[in-house]
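Shown next, in C-alpha cells, is the structure this report addresses.
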Amino acid sequence: MGLTIAQKIIKEHLVSGDMTVGTEISLKIDQTLTQDATGTMAYLEFETMGIDRVKTEKSVAYIDHNTLQSGFENADDHRYIQSVAKKHGIYFSRPGNGICHQVHLERFGKPGKTLIGSDSHTPTGGGIGMLSFGAGGLDVAVAMGGGAYFITMPKMYKVNLTGKLNPYVTAKDVSLEILRILSVKGGVGAIIEWGGEGVKTLSVPERATITNMGTELGATTSIFPSDEITRDFLKRQGREEDYIPLSSDEDAEYDKIIDINLSTLEPLIACPHSPDNIVTVSSLKGTKVDQVCIGSCTNSSLYDMLKCAAMLKGKTIKESVSLSVSPGSKQVLTMLADCGALSDIIASGARVLECACGPCIGMGFSPNSAGVSLRTFNRNFEGRSGTADGQVYLVSPETAVAAALTGEITDPRLMGEEIKVTMPESFLINDSAVIEPAPADEAKALEVLRGPNIKKFPDARPQKNELTAPLVLKVGDNITTDHIMPAGAKILPYRSNIPYLSQFCFGVCDKTFPERAKAAGESFILGGSNYGQGSSREHAALVPMYLGVRVVIAKSFARIHIANLINAGIMPVTLSNPDDYDKLNQNDSLSVSDVFSGMDKGEIILKNNTTGDSIKLSCSFTQRQKAILKAGGLLAYVAQSN
Ligand code: MIC
Ligand code: SF4
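Following our numbering, the numbering of the sequence shown begins with 1 at its first residue and continues without gaps.
Now the structure itself:
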C-alpha cells in the first residue's frame with residue numbers, strides 16, 4: 001500500500017511503534033521552537049534535565065507573545081530565555097523579529113523534517129511540507145534533549161482541492177470552510193493532508209494560513225505537498241538547498257476524503273465565540289463594526305499585508321472604526337516599508353503595531369464594551385480579546401479591510417476590481433535579530449540570568465491507588481485552555497510563576513474555583529466533550545495540578561491537553577457512557593479505588609458517595625503514560641529514569 005505524505009515522514013522518523021492507527025508511536029524530532037509565554041517553563045524544565053546542549057538540528061526560542069514589558073517580570077523572563085538559549089545551543093529570536101510561526105516558516109522550516117513547538121499553531125510549518133506539531137513545554141524540553149516525541153498514530157484525512165479561488169476569496173475562507181464542514185472537533189485524531197489540482201493555485205503563505213488554522217479543527221497536524229511552489233518560496237528566502245520534493249503515493253489510503261471546489265467558495269466569517277460558527281460574510285451585511293485587527297500567525301505574511309495595503313491605498317478608514325495592523329515579521333515589516341506599502345497603511349488611519357501576537361492573545365487592543373471586532377486571527381474564544389463581552393469575528397484580510405473602510409460587515413467582493421499583488425523576486429534576508437548560541441566550549445562558563453518572577457516548579461504528586469475527593473468543578477463541552485488558564489496582558493507576565501497564576505484558574509467559568517480547590521486539597525474536575533481545546537499551554541495542566549486536581553473526567557479530550565495533563569501527573573479519564581455526565585454534580589464526594597489495576601484494564605470504577613451511583617470510567621494509557629502518572633508527572637519520571 002502506498003503512503004501519504006505524513007506517513008512517509010513518520011516512517012523516516014519512527015523511534016518506536018508500528019504506525020498502527022490509534023497506537024502509540026514516538027518520533028525523532030529534528031527541530032523545536034518555543035515562544036516566550038510557554039518558553040520560560042519549557043527551559044526551566046530543560047535545565048532540570050541537566051543536559052548541556054540541545055541535541056536537535058535546530059532549536060529556536062522566539063519572543064513574540066508578551067512584548068509589552070509592563071513591569072520587570074516580562075523583561076526578566078526574556079533575559080532568562082536569551083541567556084539560557086545562548087548557553088544550551090538554542091537560537092534566540094529577539095522581540096520584534098516576529099511571530100514564531102511566521103519567522104520559522106520564512107527562515108528555518110524544512111520540508112520532510114519534523115518540528116515540535118510549545119505553541120498549538122506549530123502546524124503552520126505544514127505549509128512547506130514539514131511535519132510539525134504543537135506540544136506542551138515538557139515534551140519540547142524532552143525533544144531538545146534528544147528524546148523522542150510520543151503521539152497516538154493518527155488517521156489520515158485528505159482534502160481534495162479543485163478549481164481556483166475567485167477574486168476576494170482567500171485561503172482564510174478555505175480554512176473557515178473546512179471548519180464549517182468538520183467543526184472544532186472534526187480533525188481530532190487525524191492528520192489533514194491537502195492535495196488535488198487546486199493545491200497548485202495556492203502560494204506558500206496561503207498554504208500556511210490553512211495549516212495554521214488546522215489547529216482549530218483539533219487535528220494532530222496538517223500538511224501540504226512540497227512542490228515547485230515550495231521550492232520557489234525557499235529560493236526567494238535564499239535557501240533553495242532546503243527544498244526536497246514530497247508527495248503522497250498514488251495508492252495512498254485515507255480514512256476520509258473531503259472535496260472542496262475552490263471556485264465555488266465565497267467570503268466566510270466565524271461568529272462569536274467559536275472558530276466553527278461559520279456563516280457567509282454577505283449574510284451579516286450591514287452589521288456595525290467597532291474594531292478591525294489584521295495580523296497574527298494566520299494572516300500576517302507579506303502577501304496578506306500587500307493586499308491590505310493595496311486595498312487601503314488612497315483611502316481613509318471609517319471614523320467609527322479602530323484598525324490595527326501587525327506585520328508577522330521584521331522581514332515583512334521592512335519589505336512593506338521599502339516598497340512604500342507601509343505608508344499606504346499608515347496614511348489610511350491604521351495603527352501599526354509591533355511584529356508580535358499582540359491583540360490575538362489579548363495583549364492590548366481589546367475592543368470596547370460589547371464591541372464588534374473583526375480579526376484575521378484564528379481564535380475567537382470568549383474573553384480572549386481581553387474584553388469579557390467583546391464580540392469577535394474571524395475573517396480574511398480582505399474582509400477585514402472592507403469592514404475598516406465601510407464601518408460595517410461588508411462582502412469584500414463589493415470593493416471594486418480584484419486587487420492583484422506582485423510578490424518580489426527575493427525576500428529581504430537579514431537575520432540580525434536572531435542571536436546565535438555560544439560555541440560549546442565557551443557556553444559552559446556562561447551564566448543563566450534569573451529574575452525574581454521565576455518561581456519553583458510545583459512539586460510532583462504521584463497518582464494514588466485510592467482517592468476520595470470532591471468534584472470541585474463541573475463544566476460543559478468545548479472548554480478551551482483560555483477558560484482553564486486565561487492569558488491576556490494582566491496574567492501573561494506570570495507564566496513562570498505558577499502560584500501567582502493559580503488565582504486566575506478557571507476565572508472565566510467560576511472565580512471561586514481556586515479557593516475551593518485549594519480548600520479541598522485534592523479534587524476531581526468534570527468536563528464535557530473536547531475538554532482542553534485550543535492552546536498548547538501546559539499551564540492549563542500545571543496550575544490545576546498545583547491546586548490539587550488529581551483526576552479530570554470528561555466525555556472526550558483535546559490532543560495536546562490530554563498529553564499535558566499526563567505530563568503534569570493529572571489522570572485524564574473519559575466517561576464510558578457519556579450520559580453519566582448527568583449523574584455527577586458539583587461538590588459531590590467521589591471515590592476511585594484500585595486505580596492501578598484499573599489503568600491496566602482500561603476501566604476504573606468511580607463511586608459517587610453523594611448519590612450512591614457507580615460510574616464506569618475508561619482509559620487507555622500506555623506503559624509509559626502509566627509510569628508517568630505513578631511518578632507524578634513527566635519531569636519526575638525523567639528524573640527517576642536517569
Ligand atoms: C494561543 O494562541 O492560544 C497561544 C497563546 O499561542 C498558545 C500558547 C500559549 O498559551 O502560550 C497556543 O496556541 O499554544
Ligand atoms: Fe500568537 Fe495568536 Fe498565533 Fe497564538 S494564535 S501564536 S497568540 S498570533
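For glycine and all other residues, C-beta sits at the position ideal for the given N, C-alpha and C.
If you measure from the CB of residue i, is any heavy atom of the ligand MIC nearer than 7 angstroms?
| i | result |
| --- | --- |
| H65 | yes |
| H121 | yes |
| I361 | yes |
| S300 | no |
| Q533 | no |
| G548 | no |
| T124 | no |
| Q102 | no |
| A6 | no |
| G187 | no |
| Q35 | yes |
| T699 | Any question about residue 699 goes unanswered here, given that the chain covers just 1 to 642. |
| F536 | In the sequence as displayed, the identity of residue 536 is Ser instead of Phe. Result yes, Cβ under 7 angstroms from the ligand MIC. |
| G134 | yes |
| A487 | yes |
Is residue i near the ligand SF4 - that is, is its Cβ less than 7 angstroms away from at least one heavy atom of it?
| i | result |
| --- | --- |
| S296 | yes |
| N564 | no |
| H561 | no |
| C293 | no |
| N646 | Outside the modelled stretch of the chain, which goes from 1 to 642, sits residue 646, for which no answer is possible. |
| C357 | yes |
| I51 | no |
| I99 | yes |
Buried or exposed: residue i, going by 16 or more other Cβ atoms within 10 Å of its Cβ?
| i | result |
| --- | --- |
| M307 | Contrary to the premise, residue 307 reads as Lys rather than Met in this sequence. Buried, since its Cβ has 16 or more Cβ neighbours within 10 Å. |
| E425 | exposed |
| S343 | exposed |
| K172 | buried |
| F72 | exposed |
| K646 | Nothing about residue 646 can be read from this structure; the chain reaches only from 1 to 642. |
| V15 | exposed |
| R537 | buried |
| A445 | exposed |
| M19 | exposed |
| G314 | exposed |
| G50 | exposed |
| Q625 | buried |
| G2 | exposed |
Under 8 angstroms by Cβ, that's how I've got residue i and residue j pegged, so tell me the actual separation to the nearest angstrom.
| i | j | result |
| --- | --- | --- |
| S132 | T34 | With a Cβ gap of about 13 angstroms, S132 and T34 do not count as contacting. |
| G286 | E398 | About 18 angstroms separates the two Cβ atoms, so there is no contact after all. |
| A61 | F92 | 5 angstroms |
| Q31 | F108 | 7 angstroms |
| S274 | N378 | S274 to N378, Cβ: 12 angstroms. No contact. |
| N564 | S589 | Contact flag wrong, Cβ pair sits at about 27 angstroms. |
| P267 | S300 | Not quite, the Cβ-Cβ distance comes to about 19 angstroms (not below 8 angstroms), so this is no contact. |
| G295 | G371 | With a Cβ gap of about 18 angstroms, G295 and G371 do not count as contacting. |
| S502 | P514 | 6 angstroms |
| N531 | A558 | Here the sequence assigns Tyr to residue 531, which means Asn is not the residue at that position. That pair is a contact at about 7 angstroms. |
| A469 | V289 | The Cβ separation is near 47 angstroms, so there is no contact. |
| T376 | T480 | That pair is no contact at about 20 angstroms. |
Quiz item: Which ranges does the alpha helix (DSSP H) cover as unbroken runs of at least 4 residues, wholly within the stretch 450 to 537, from first to last along the chain?
Solution: 481 to 484, 498 to 501 and 513 to 520
Quiz prompt | the stretch 570 to 577 / the stretch 509 to 520 touching (three or more Cβ pairs under 8 angstroms) | solution = no
Quiz prompt | Any 3 or more C-beta pairs closer than 8 angstroms across the stretch 382 to 398 and the stretch 360 to 370 | solution = yes
Quiz item: Does the stretch 78 to 90 touch the stretch 424 to 440, meaning 3 or more C-beta pairs lie closer than 8 angstroms?
Solution: yes
Practice problem: Count the C-beta pairs between the stretch 550 to 562 and the stretch 121 to 129 that are closer than 8 angstroms, then say yes if the count reaches three, no if not. | Solution: no
Practice problem: Please determine if the stretch 191 to 208 and the stretch 145 to 162 are in contact, where contact requires at least 3 C-beta pairs separated by less than 8 angstroms. | Solution: yes
Quiz item: Do the stretch 629 to 640 and the stretch 488 to 499 touch if we need at least three Cβ pairs shorter than 8 angstroms?
Solution: no
Self-check item: Three-pair Cβ contact test at 8 angstroms for the stretch 56 to 71 versus the stretch 354 to 363
Solution: yes
Exercise. May I ask you to verify whether the stretch 253 to 263 touches the stretch 306 to 325, counting CB pairs closer than 8 angstroms and requiring at least 3?
Key: no
Quiz item: Between the stretch 144 to 152 and the stretch 226 to 240, are three or more C-beta pairs nearer than 8 angstroms?
Solution: no
Quiz item: Are at least three pairs of beta-carbons, each pair with one atom in the stretch 415 to 430 and one in the stretch 170 to 185, less than 8 angstroms apart?
Solution: no
Quiz item: How do the stretch 184 to 192 and the stretch 200 to 219 stand: do at least 3 beta-carbon pairs fall below 8 angstroms, yes or no?
Solution: yes
Quiz prompt | Contiguous alpha helix (DSSP H) assignments of at least 4 residues, all confined to the stretch 100 to 187 | solution = 100 to 103, 137 to 144 and 171 to 182
Quiz item: What are the complete beta strand (DSSP E) segments, minimum 3 residues, inside the stretch 328 to 395?
Solution: 372 to 375 and 391 to 394
Practice problem: Write down every uninterrupted run of the beta strand (DSSP E) in the stretch 33 to 106 whose length is 3 residues or greater and which is fully enclosed by it, in chain order. | Solution: 58 to 62 and 91 to 93
Practice problem: Please go through the stretch 398 to 440 and give each complete alpha helix (DSSP H) segment of 4 or more residues, from N-terminal end onward. | Solution: none
Quiz item: Are the stretch 244 to 258 and the stretch 348 to 355 touching by the rule of at least three beta carbon pairs closer than 8 angstroms?
Solution: no
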